[in-house]
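Structure first, then comments.
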Amino acid sequence: MRRYIDLHVKPNDEKAMHSILETASKLGYSIVGLVVDDATYRLMEECSGLKILRRVDVDAKLADLHRYRVKLYRKYDIISAICRDSTDIRRALKSGFNLLCFKGLPQAPKITDFSLIKGNEAYLELDVCDLLSFGRDERVAIFRAVARIFRYALRKKAKLIIASGATDAYKLRAPLDLASMVIPAGVSWDEALTAAVHNPYSFFLKIVKKDHGYIREGVKVTGRW
0 MRRYIDLHVK
10 PNDEKAMHSI
20 LETASKLGYS
30 IVGLVVDDAT
40 YRLMEECSGL
50 KILRRVDVDA
60 KLADLHRYRV
70 KLYRKYDIIS
80 AICRDSTDIR
90 RALKSGFNLL
100 CFKGLPQAPK
110 ITDFSLIKGN
120 EAYLELDVCD
130 LLSFGRDERV
140 AIFRAVARIF
150 RYALRKKAKL
160 IIASGATDAY
170 KLRAPLDLAS
180 MVIPAGVSWD
190 EALTAAVHNP
200 YSFFLKIVKK
210 DHGYIREGVK
220 VTGRW
């Protein structure tokens with residue numbers, strides 16, 4: 000059974016969505032986290048052998064963040080917080096988010112943020128597309144930040160996830176290629192593989208458990224007479 004997962008793809012339109020799903024299946028993925036609007040999602044066709052997790056990205060600077068997350072809880076499989084700095088990370092964790100998509104490169108979160116991420120059993124996600132969006136002159140700073148992120152995560156035993164962040168099929172990467180994208184930052188292969196393959200799967204298992212016996216947030220059926 001394939002266990003490769005790309006938790007973050009965000010096609011620009013319906014055509015890109017079908018192309019991404021078809022390509023993802025060919026690349027060996029079994030599960031994809033898909034960001035699309037309601038209209039596009041309703042038009043989605045089943046892709047053979049591919050499980051779709053419906054995802055929404057929420058700006059961590061949004062007012063009343065916790066209430067908004069609760070409102071979306073039953074509609075989406077994945078609710079992530081877009082974080083650009085330490086303040087965003089702390090707001091998102093306080094509001095109950097367990098997936099933080101970091102968009103603050105070339106800056107890196109503080110080492111104390113990783114202690115909080117670990118303590119809240121959350122995951123920090125990096126999109127490979129972000130690494131490729133910078134010019135050659137900026138990439139040195141980008142990879143230094145990536146190296147610092149992996150170093151802090153290892154020190155604090157916080158979990159990292161690497162996703163593609165692809166908007167079209169050309170930006171997708173095969174699972175092992177996804178891991179290799181952070182190797183130039185000095186990240187070990189084991190660390191890269193954990194972030195690209197093992198941690199996305201462990202996050203998926205948390206999602207699966209979410210719906211078992213669920214009534215509403217904080218209330219769960221543990222047995223029936």
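In numbering that gives the first Met the number 0, the protein residues as written are 0 to 224. Even glycine gets a Cβ: it sits at the ideal position worked out from N, Cα and C.
Flag this pair as touching only if the region 145-160 and the region 188-196 have three or more C-beta atom pairs under 8 Å; answer yes or no.
Judged by Cβ distances under 8 Å, the region 145-160 makes contact with the region 188-196, as three or more pairs qualify.
Rounded C-beta distance between Lys155 and Phe96? I'm assuming under 8 Å.
The Cβ separation is near 18 Å, so there is no contact.
Which term fits Glu124, buried or exposed, when burial requires 16 or more other beta carbons within 10 angstroms of its beta carbon?
Buried is the call here.
Identify the residues that DSSP records as bridge partners of Asp112: which are they?
Partner(s): none; Asp112 has no beta bridge.
Can you find the residues in the same chain that come closer than 7 Å, C-beta to C-beta, to Asn198, ignoring five residues on each side of it along the sequence?
Counting only Cβ-Cβ distances below 7 Å, and skipping sequence neighbours, we find Tyr122, Lys158, Leu159, Ile160.
With 16 other CB atoms within 10 Å as the buried threshold, where does Tyr28 fall?
So Tyr28 counts as buried.
What residues are listed by DSSP as bridge partners for Tyr122?
Leu98, Lys158.
Tell me whether Ser79 sits in a helix, a strand or coil according to DSSP, three-state version.
Strand, per DSSP.
Measuring only the C-alpha atoms, how far is Val127 from Arg66?
About 30 Å.
Please report the Cβ distance between Ile239 and Gly32, rounded to the nearest whole angstrom; I am assuming they are in contact, meaning their Cβ atoms lie under 8 Å.
Past the boundaries of the shown model lies residue 239; the chain is included only from 0 to 224, so the question cannot be answered.
If contacts are defined as beta-carbon pairs under 8 Å, then Cys26 and Ala173 qualify, I think. What distance do you get, rounded to the angstrom?
Looking at the sequence provided, one finds Leu at residue 26 rather than Cys. At roughly 5 Å, the Cβ-Cβ gap stays under 8 Å, so Leu26 and Ala173 are in contact.
When you compare the CB positions of Ala144 and Leu104, do they come within less than 7 Å of one another, or not?
Cβ distance < 7 Å, so Ala144 and Leu104 count as in contact.
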